[in-house]
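What follows is a short report on a single structure.
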Amino acid sequence: MLNCQCELGPIVRFINFQVMDGRKTVFLDEYKDKLLCSITLSKLNNCLKKHGFDGHVRFVDGFVMYSK
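According to my numbering, the sequence shown is numbered sequentially starting from 382.
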């Protein structure tokens, strides 16, 4: 099980559970306010990369999502 200890760990774990269920796109609307800051978004994507995720989080048409 993924054991990320950074402040963005809950988001990483949420993405991990969704990916484990077979989803290739994960909508993160409940975390949208937290991810509006480009620095936070960059930290999250770096954390995902560090934990071996192939995709990244980005804003698309007003939605925030993780996708491969």
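Glycine included, C-beta positions come from ideal geometry on N, C-alpha and C. Treat the numbers as computed from the prediction; the structure is a model and nothing was measured.
Thinking C-alpha only, which one of G433, F440, K413 is nearest I392?
K413
May I ask which residues mark the beginning and end of the alpha helix (DSSP H) holding R394?
390-401
Applying the criterion that 16 or more other CB atoms from any shown protein chain within 10 Å of the CB defines a buried residue, is I420 buried or exposed?
exposed
Ignore the nearest five residues each way along the sequence and tell me which others in Y447's own chain have a CB closer than 6 Å to its CB.
I396, V407, G436, V438
Going by DSSP, what residue range makes up the alpha helix (DSSP H) through D414?
413-416
Can you tell which of D410, K431, L429, S423 has the C-alpha that lies nearest to the C-alpha of G443?
D410
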